[in-house]
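There are 2 protein chains.
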Amino acid sequence: MKKLMIVYMLLIGTFVLYVYNTHLRDSPANAWNAQGLQGEITETYVMVTFQSGMDFWKSSLKGFEDAAQLLNVSVEYRGATQYDVQEQVTVLEQVIAKNPAGIAITAINSPEIADTINKAVDGGIPVVLFDSQVPGSKASAFVSTNNYNAGVTAAHEMARLLDQAGEVAVVTLENQLNHQERTAGFADTIRGSYPDIRVVTVVDGKGDRLASKEAAGEIMANYPDVSGIFVTEANGGVGIGEAIRLEKKIGDVQVISFDTDKRTLDMIEEGIISASIAQGAWNMGYWSLHFLFHLQHDLTEQQIMESPGISTLPQYVDTGVTVVTKANVKNYYAQ
Amino acid sequence: MKKLMIVYMLLIGTFVLYVYNTHLRDSPANAWNAQGLQGEITETYVMVTFQSGMDFWKSSLKGFEDAAQLLNVSVEYRGATQYDVQEQVTVLEQVIAKNPAGIAITAINSPEIADTINKAVDGGIPVVLFDSQVPGSKASAFVSTNNYNAGVTAAHEMARLLDQAGEVAVVTLENQLNHQERTAGFADTIRGSYPDIRVVTVVDGKGDRLASKEAAGEIMANYPDVSGIFVTEANGGVGIGEAIRLEKKIGDVQVISFDTDKRTLDMIEEGIISASIAQGAWNMGYWSLHFLFHLQHDLTEQQIMESPGISTLPQYVDTGVTVVTKANVKNYYAQ
Numbered sequence: 001m002k003k004l005m006i007v008y009m010l011l012i013g014t015f016v017l018y019v020y021n022t023h024l025r026d027s028p029a030n031a032w033n034a035q036g037l038q039g040e041i042t043e044t045y046v047m048v049t050f051q052s053g054m055d056f057w058k059s060s061l062k063g064f065e066d067a068a069q070l071l072n073v074s075v076e077y078r079g080a081t082q083y084d085v086q087e088q089v090t091v092l093e094q095v096i097a098k099n100p101a102g103i104a105i106t107a108i109n110s111p112e113i114a115d116t117i118n119k120a121v122d123g124g125i126p127v128v129l130f131d132s133q134v135p136g137s138k139a140s141a142f143v144s145t146n147n148y149n150a151g152v153t154a155a156h157e158m159a160r161l162l163d164q165a166g167e168v169a170v171v172t173l174e175n176q177l178n179h180q181e182r183t184a185g186f187a188d189t190i191r192g193s194y195p196d197i198r199v200v201t202v203v204d205g206k207g208d209r210l211a212s213k214e215a216a217g218e219i220m221a222n223y224p225d226v227s228g229i230f231v232t233e234a235n236g237g238v239g240i241g242e243a244i245r246l247e248k249k250i251g252d253v254q255v256i257s258f259d260t261d262k263r264t265l266d267m268i269e270e271g272i273i274s275a276s277i278a279q280g281a282w283n284m285g286y287w288s289l290h291f292l293f294h295l296q297h298d299l300t301e302q303q304i305m306e307s308p309g310i311s312t313l314p315q316y317v318d319t320g321v322t323v324v325t326k327a328n329v330k331n332y333y334a335q
Numbered sequence: 001m002k003k004l005m006i007v008y009m010l011l012i013g014t015f016v017l018y019v020y021n022t023h024l025r026d027s028p029a030n031a032w033n034a035q036g037l038q039g040e041i042t043e044t045y046v047m048v049t050f051q052s053g054m055d056f057w058k059s060s061l062k063g064f065e066d067a068a069q070l071l072n073v074s075v076e077y078r079g080a081t082q083y084d085v086q087e088q089v090t091v092l093e094q095v096i097a098k099n100p101a102g103i104a105i106t107a108i109n110s111p112e113i114a115d116t117i118n119k120a121v122d123g124g125i126p127v128v129l130f131d132s133q134v135p136g137s138k139a140s141a142f143v144s145t146n147n148y149n150a151g152v153t154a155a156h157e158m159a160r161l162l163d164q165a166g167e168v169a170v171v172t173l174e175n176q177l178n179h180q181e182r183t184a185g186f187a188d189t190i191r192g193s194y195p196d197i198r199v200v201t202v203v204d205g206k207g208d209r210l211a212s213k214e215a216a217g218e219i220m221a222n223y224p225d226v227s228g229i230f231v232t233e234a235n236g237g238v239g240i241g242e243a244i245r246l247e248k249k250i251g252d253v254q255v256i257s258f259d260t261d262k263r264t265l266d267m268i269e270e271g272i273i274s275a276s277i278a279q280g281a282w283n284m285g286y287w288s289l290h291f292l293f294h295l296q297h298d299l300t301e302q303q304i305m306e307s308p309g310i311s312t313l314p315q316y317v318d319t320g321v322t323v324v325t326k327a328n329v330k331n332y333y334a335q
């Protein structure tokens, strides 16, 4: 009987230890006192996009999912299929109705979207913007590429390719703010840092492969000495590549494009496009989820200091860019 | 005996469950497969500063410590006592010699410091810069206030205080980049957005209370209609406050200062300083630790994709600013 008692006591002791240990880790009343950063699998964070089939969003979603796996929370992906304000408002309304733990949204810039975002924020749902800014929204942070700096990076790469001398042209989307910024960063840097390179023309490629192909043909006809073209988006990059192939100017005109869709990467492998500016799409999704998690769990200075006036999350994150060339292009194909 | 066997089996079963459960949580071979974000208490992250007694660093260190507590890792604080390049190099060398898990440094801008930082990076120690940039360093990210935007915020606050009309002056530190940026953000915004406000003069307060007090006296003598002064650092703010008290112009000249040291907060309570621009010092430390932890544990896209060309951390984080006024000043006193 004595032996049995010892065994019972050991059994009870181990059990108590087990429960205590489990309790300690699983039920932090206050996340600041928890050991490690971890949520509940029932917490659902939603990523909302427009033109929801775009390759670019897939990389952002991968980052969002990777962060969720680390933090033991769930994610959903919802998007407007088109570039359509009303469709995105509807999608966002549906997401809000489910009261998720947080929303990361890349939004069409419009007052209606800003109003709907503010409805979520006012209702206590954490919201973070990524990739594109929405003036007038009450979202807590903005995670994106600094487009002016991306243009600066493109300018330095162009100067490297041209041995710091020559004539260059820019093909862009004239009415879009982020493309204006890319163009300004490029042109300012060429003018400021490379006296022997001249920006001879800036034309509108309309974000379209064929329009950009045509524009590139005209540039090469009007400026026969042009030795570089910077194009601020990927469709145009492919069109310009086609024009250069047609004119048999591969290697004579260096093309720097933007982003890393498959057709761009293929043209880099082929040597038609010399370089492309890759954005930190994965980081946009990854850090958006971290930020939303911090808001959801009150893991901010405001909470510690009990100071409603003090800002909580960082205001802006520049996820940076990298330059894709033939040397590293293999790394950028989807795994 | 049968009963005893059952008890033994239960005992062994519970024990196995306990060990399995503990093992699952404590020894993730790969952090990406772990449940929750958590390090080891033996991992030591070091914050390195100059003028190590400054109040501002205390807030940053608090954020650094709060993040470490969440992630179950350790921190140390080391700093050069003076604004002295050689002293900071020595401190940094000592920190590197201990091979810490990561270094967050606010550094004096000098090639020697950049070289020492690069020694750490080349030796495999993650390094993140906060508050001040060091051109030429290989640090993985930079976390700071966007000083131009801070100047923009100050301009809008000044316009609000002056009902969008009047003469204003700026007192700054002429040779410091971050102060030039604050001044430019302020002046550009006033010129661009407020046609009835005029920036009448920009003078050097030398970062000094007495020099700034004297400068403010001269401004009020030379421009008797001046109704606002923006000062880009805290010592000058106190000096200007003293000049205004001396001239009995409290309320007639609105002062907007920078940062939240105790003398500034006291003058806001007193009504001599109308507002101050508070930086996100806590967030600088907090997110620096998160970034270092991510590098130390290979929690970056590069690691997932096995793609050495792809950027890992976001390049830049703007921690943002908030405006301190009489209405919320109580929240900013050290707790």
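Chains E and Y supply the protein sequences, listed in that same order.
The UniProt record's numbering applies: residue 1 is where the first sequence begins, and numbers increase by one.
The UniProt record's numbering applies: residue 1 is where the second sequence begins, and numbers increase by one.
Glycine residues also receive a C-beta, built at the ideal position from the N, C-alpha and C atoms.
Since we're looking at a predicted model, the values are computed, not measured.
Thr319 (chain E) CB to nearest chain Y CB: under 8 angstroms? yes
Spatial distance of Pro28 (chain Y) from Asp259 (chain E) (CA atoms): No answer about Pro28 (chain Y) holds up, because its pLDDT of 38 lies below 50 and its placement is not dependable.
Could you tell me the alpha carbon to alpha carbon distance between residue 362 (chain E) and Val121 (chain Y), rounded to whole angstroms? It is not possible to answer for residue 362 (chain E), since the shown part of chain E is limited to 1 through 335.
Which of the three DSSP states, helix, strand or coil, is assigned to residue 364 (chain Y)? Because residue 364 (chain Y) is not part of the residues shown, which for chain Y are 1 to 335, the question remains open.
Should Ser257 (chain E) go down as buried or exposed, given a rule of 16 or more other Cβ atoms within 10 Å for buried? buried
Cβ distance (whole Å) where Leu292 (chain Y) is taken to contact Gly102 (chain Y) below 8 angstroms: 3 angstroms
Secondary structure of Met54 (chain Y), DSSP reduced to three states: coil
On the criterion of 16 or more Cβ atoms from any shown chain inside 10 Å, does Glu43 (chain E) qualify as buried, or is it exposed? buried
Starting from the beta carbon of Gly63 (chain Y), find every residue of chain E whose beta carbon is closer than 8 angstroms, and list them in chain order. Glu301
Can you check which of these residues, Y:Phe230, Y:Pro314, Y:Glu270, is closest to His290 (chain E) by C-alpha distance? Y:Pro314
Residues of the stretch 265-290 of chain E with a CB closer than 8 angstroms to any CB of chain Y: list them in chain order, please. Ala278, Gly280, Trp282, Asn283, Tyr286, Trp287, His290
Just to confirm before moving on: does the CB-CB distance between Ile105 (chain Y) and Val127 (chain Y) stay below 8 angstroms? yes
Helix, strand or coil for residue 362 (chain Y), going by three-state DSSP, please let me know. Residue 362 (chain Y) is absent from the structure shown; chain Y starts at 1 and stops at 335.
Residue environment, Leu70 (chain E), which counts as buried when at least 16 other CB atoms sit within 10 Å: buried
According to the neighbour-count rule (16 or more other Cβ atoms, all chains shown, within 10 Å of its Cβ), is Thr312 (chain Y) buried or exposed? buried
For Asn109 (chain E), would you say it is in contact with chain Y, using Cβ-to-Cβ distances shorter than 8 angstroms as the test? no
Taking 8 angstroms as the CB-CB limit, is Leu37 (chain E) close to chain Y? yes
Exposed or buried, what is Met267 (chain Y) when buried is set at 16 or more other beta-carbons lying within 10 Å of its beta-carbon? buried
DSSP beta-bridge partners of Ala104 (chain Y): Y:Met47, Y:Val128
With 16 other CB atoms within 10 Å as the buried threshold, where does Ser193 (chain Y) fall? exposed
Answer with yes or no whether the minimum CB distance from Leu161 (chain Y) to chain E is below 8 angstroms. no
If distances are taken between C-alpha atoms only, which option among Y:Asn109, Y:Gly123, Y:Asn328, Y:Thr49 comes closest to Asn175 (chain Y)? Y:Asn109
Is Met9 (chain E) close to chain Y, meaning its C-beta is less than 8 angstroms from at least one C-beta of that chain? no
Roughly how many angstroms lie between the CA atoms of Ala80 (chain E) and Asp163 (chain E), to the nearest whole one? 45 angstroms
In three-state DSSP terms, what is Gly79 (chain Y)? strand
Element boundaries [alpha helix (DSSP H), containing Gln88 (chain E)]: 85-97
Which residue from E:Val73, E:Thr322, E:Asn331 puts its Cα closest to that of Val152 (chain E)? E:Thr322
Quick check on the burial criterion: 16 or more other C-beta atoms within 10 angstroms. Buried or exposed for Tyr333 (chain Y)? exposed
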